Structures are given as C-alpha cells and as structure tokens.
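Trainee: Residue numbers (the numbering used here): 102 to 707. Even for Gly, the Cβ is constructed at its ideal location relative to N, Cα and C. This structure is a prediction, so every number in the text was calculated from the model and none was measured.
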C-alpha cells in the first residue's frame, strides 16, 4: 500500500465519520403513531387479568375515562423526592426530583416525574390484587379503591405510611409504603383473612402512562420506552413498537407477556429518568407490557404468584418501585448491595457496552478525584491515548520510515512508468526489505472510531454529564458550545442563535473552532498528498468536521480537541526520534502557495 492508497483509506474513514455524524444530527423521522380509534379493545380491562380468564367481557376499570375522586393525599418528602401519594388506589402519582431542574435558567422548575390522571402526561404507579379463588373480583382493591390511613401522615425515609381497606366480606387489605433516601420505594401488600374459608388472590404492581411522553427525544442513539429484565435477558422496546403489539387473547388487549421464573423487573425509561417495578428477586412473576389503543395508554405490570390465605391468617408480599434519576452510583448500589439483578443494564449502554461501561466507570472515578467533568474528560483522553500508545507508536514509526523511503519510492515510480504491476511488486519488495508495514498507519484511526462513538454514547446518555459545568461559558457538557461568532463570543450586546437552529450550526462556537484548527495542524505534520482530489479532501476535512461536530455535546468536542493535541505531540516526538523531521510551518507555507497558484491558474484560464 503506497502513500496515495493509505491516504485514500484515511479519507474514506473520515468520510464515514462525516456520514455517521450527519445521521446523528439529522436522524430519519419515525412514522407518527396513528390516532387512537374505538374498536373491540374498548372493553378490555385495565387491571391485570387473573388466570384463567373466564369472562372476556369483564367490566373495565378505566381511571382515564371515569370521573376522578378528589381523594386525600399524603405528602412525600425525602432528600431526593417531593410530592404526594393519593388515597385513590394508593397511587404514587405526584413525584418531583428535588435536585434536578428542567434547565439551567434561574428559577427553573424541578423535574416532574409522575403526574396525576386528568392532566398532561399522566403517569403513575399503583398496587392492588386480582381475585383468583374464594373471593369476589369486586372484593379486592384496585387502582381506583379509596384507602384509609392506618398510620403515618407524611412519607419520609424515617416514617413509612400504612393504608388499609376493608372489603366488608371478611378480608382486610393493607399497603405499607416506605422509601429510602434516594429513589427506591418498598410496597408491602398484605391481606388478612377474617372469613371462614380460604381465599386466594394475586398481588400486582402497575405503571400506567397516558400516551407517548411530550418530551420524547426520539433520537436513534437513545432508548426511550419499555425496559425489562427477564431471567437475565434485557429487552428494550420503543413506544412505537409497543403500539404495534398483536392482541393477546389472555390479556384481552395488545400485549406481550413474559413469565419470569427467577428474577427480573419491568418499567419505562426516559432520557435521564426511570420508573421500574421490581418484584422480590428469586421468585416467579408475570411481566406484561400492554397498549390500550382506544385510550392511547401504556401499561407495565408485575403480577406475582397467587397467595392463598387460610382463615385467621395473613399473607404479605413486598414489591419495590424505583422512581427517579438514572444515577450510575445509585443504580449500581441497588444491584450490588440490594440484589436487583442486572439493574445497571437499565442505563442504555448501547451496542458498544463492553467499551461504554468501562469508559464511564473510568470517567466517574476520575471525576470523584478531580471534581470537574470537563477536566475529567481531558484526563480520560490522556489515559485512553496512553493505553493505545503501543499500537500508535508502531504506526508513527512506520510513517517515519515511509517518509524516509519517499525518495526511493519516487525513483521506483519513474522507472516503472505506467506498469502498475511492476510498481506494486517493487514497492512490496521495498517495504519488505525495510520492514515497513504501510497498513499500520490506519490503526490509530480505526481504533479511534469505536472509542469516539462509545464516548459519544456516554456523554449523551448518562445523567452525570447533564448540566455538568467545565469553566467559563461551558456550563453544560451534555449541550453544544453556547458561544457564537454571531455576537463575537459575547462581546456584542445580544444573544447568539438558539441552540439546535440552523444559525447555531453555521455560527459555531469557540470549541468547534479549536477543533478545526487542531485537526488542520495535525494534518500539517505531513506534506499534502500529490493527488489533487486527495488534496482537496484533506484540505476541506478539518473545516467540515468543525461544522459537523459544532452542534455536538461540548464534552465530546473537548475530548476530540484533547485527542488531536495529544496525537500531534506523540506523532511529532516519535517521528523526530526516528530521524524524520516534520516541517509543520513548511507544510503550511506550501499549502498556501498551492492555493495561490491554483487561484492564479483559474484566473489565467479565464
């Protein structure tokens, strides 16, 4: 492989990166979800079905369409959460994340995770029972049951709340809700049988979401929708896929059910937030995802095994509910210390999980020592470059030797003339005699591609980068550089273009400019290729990347700049140590002369 072929491969790889970047910036739009229509599914019950199904026309409990009861509420106050629990159904339906704001604007609202029925984006968790034997279906509590308070007036980490409901037929149901100092609720459901005969019922938990979230990102690199773990198998299903479910006759609506034999969980994940039902690990349960087309309603259920309660006895089943931010450390603690199987996989690590997981761990560890995510990204870049240095060293040494062979290669070209076969044979012999591998120059670029996309995934997906500042004007490493040449980077008395607009793509910030310059300088370590087409590609590539990556997260641009600077230093030092003397300024002057000569030739041709 000669210099021209090597450069052509480099240009192809860079072009591939441009195409991928473009697809990230402008992903294809998903087909809109068709409007809900009233059909035969209108009579489908919203409660989990008991087994076996004996009455396909059982009445539906529909809290979306029914008149809502102004039930009393119990406040929820923890270091991380605030809101209230409704006595109607014992619903956890009003929950805000105290330490997270919707934006960086002064006075911005806290993030609202759960919302009561009747308002926009209704979203709640509820717990109840389905009758299986010895008890009337109407004698078990559901999402609309009005509970009474037996103990507790405010739900805090130090004070649980117990709700009670007497069905008037000999059974007393209790729900005790407790919460830790992070994002995990524990719901203990019990039934006390005061009757003369045994009764059997199945406890359940459900998450009910009215329609697709209004703040859905709909970004192909990010999963939003159902997330489910079933006996070690992770399932991620977007909302559009859920609406395409076939009708399950057992559930009497569009549904996909999984019988979990040992351990699992089910819930919905947003970009940074998640709600998840976690039955007791090690026990079987039925995990069901549903869509009610006529109501545009998504529902996730965890239905536990039937509990048979003898006269005078009490049965209790505990289920956990995670409702909060997808903080890596909190979720890892729930998996490692509290036995939630595979819970770290609820974070969307993507196809390169074998890279994204360790990269994030390293970034998180560095930030614990440094205390600033921007500097931690730069430190991460240094470490990654050190890890791949052995391969990069071989590559740069090979490039230095290739440079030394340049005079002999030129002689070979002259002697071979138009005989391509003779030219190739002569070059292969030259490489073999001098122990040069021309393909090794491609390795650093090929290694860089998966690392780049893995870090992009980490920066885009993990909440630890959300609203994380670096210094000065960079106050959110998960967002693009807010500075702009439009207002001379803040010198003029008006704001730059709105982020995400076409103007923001054109009038780029300081970081993208530094990125373009660093790529341009890195190119100048070597003379420009002799082929005019390759010259043009290489001349434009830094500035194409400057605009393409200008709207990427600041954290990613910082990584790319640091990577370019370190690569420049490494390549320069290694080439110098092997006798090659990169003439950066000379190459810059040559490129300027070529540009002037090209302009002069154009004028002369006119």
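When the Cα atoms are used, what is the spatial distance from residue 470 to residue 598?
Mentor: 36 Å
Trainee: Do you know offhand how far residue 224's Cα is from residue 197's?
Mentor: Roughly 12 Å separates the two Cα atoms.
Trainee: Whose C-alpha, out of 498, 373 and 584, is nearest the C-alpha of residue 203?
Mentor: The candidate whose alpha carbon is nearest that of residue 203 is 373.
Trainee: Looking at the secondary structure, which residues open and close the alpha helix (DSSP H) in which residue 626 lies?
Mentor: Residue 626 -> no alpha helix (DSSP H), and no H or E assigned at all.
Trainee: Under 9 Å, do residue 399 and residue 365 count as touching if we go by C-beta distance?
Mentor: Their beta carbons are not under 9 Å apart, which means residue 399 does not touch residue 365 by this criterion.
Trainee: Can you give me the start and stop residues for the beta strand (DSSP E) that residue 290 sits inside?
Mentor: From DSSP, the beta strand (DSSP E) with residue 290 extends over 285-294.
Trainee: Excluding five sequence neighbours on each side, which residues of the same chain lie with their C-beta closer than 7 Å to the C-beta of residue 431?
Mentor: 283 and 284
Trainee: At the level of alpha carbons, what is the spacing between residue 569 and residue 493?
Mentor: 32 Å
Trainee: Identify whether residue 668 lies in helix, strand or coil by the three-state DSSP scheme.
Mentor: Helix.
Trainee: Taking just the CA atoms, how far does residue 279 sit from residue 251?
Mentor: 14 Å
Trainee: Taking the C-alpha atoms as reference points, what is the distance between residue 332 and residue 322?
Mentor: So the two alpha carbons sit approximately 26 Å from each other.
Trainee: Tell me whether residue 124 is buried or exposed, calling it buried when 16 or more other Cβ atoms sit within 10 Å of its Cβ.
Mentor: Because residue 124 sits at a pLDDT of 43, beneath the cut-off of 50, its placement in the model cannot be relied upon, and the following sentence gives the value as read from the coordinates. It is exposed - the Cβ of residue 124 has fewer than 16 other Cβ atoms within 10 Å.
Trainee: Helix, strand or coil: which one does DSSP assign to residue 185?
Mentor: strand
Trainee: Just reading off the beta strand (DSSP E) that residue 366 is part of, what are its end residues?
Mentor: The continuous beta strand (DSSP E) containing residue 366 extends over residues 365-370.
Trainee: Measure the alpha-carbon distance for residue 575 versus residue 293 and round it to whole angstroms.
Mentor: One C-alpha to the other measures close to 58 Å.
Trainee: Mark residue 210 as exposed unless 16 or more other C-beta atoms lie within 10 angstroms of its C-beta, in which case mark it buried.
Mentor: exposed
Trainee: In whole angstroms, what is the alpha-carbon distance linking residue 384 and residue 566?
Mentor: 36 Å
Trainee: If distances are taken between C-alpha atoms only, which option among 623, 624, 176 and 498 comes closest to residue 708?
Mentor: It is not possible to answer for residue 708, since the shown part of the chain is limited to 102 through 707.
Trainee: In the structure shown, what three-state DSSP assignment does residue 563 receive?
Mentor: coil
Trainee: Have a look at the DSSP bridge pairing and note the partners of residue 330.
Mentor: Partner(s): 335 and 366.
Trainee: Tell me which residue opens and which closes the alpha helix (DSSP H) that residue 482 is part of.
Mentor: 474-488
Trainee: Can you check DSSP and say which residues form a bridge with residue 198?
Mentor: 182 and 212
Trainee: Straight-line CA distance for residue 219 to residue 171?
Mentor: 12 Å
Trainee: Could you tell me the alpha carbon to alpha carbon distance between residue 452 and residue 330, rounded to whole angstroms?
Mentor: 17 Å
Trainee: With a threshold of 8 Å on Cβ separation, who are the neighbours of residue 84 within its own chain once the five nearest residues in sequence on each side are excluded?
Mentor: Outside the modelled stretch of the chain, which goes from 102 to 707, sits residue 84, for which no answer is possible.
Trainee: From residue 571 to residue 474, what does the alpha carbon distance come to, in whole angstroms?
Mentor: 6 Å
Trainee: Looking at residue 467: is its Cβ nearer than 9 Å to the Cβ of residue 458?
Mentor: no
Trainee: Starting from the Cα of residue 531, find the closest Cα among 509, 520 and 515 and give me that residue.
Mentor: 509
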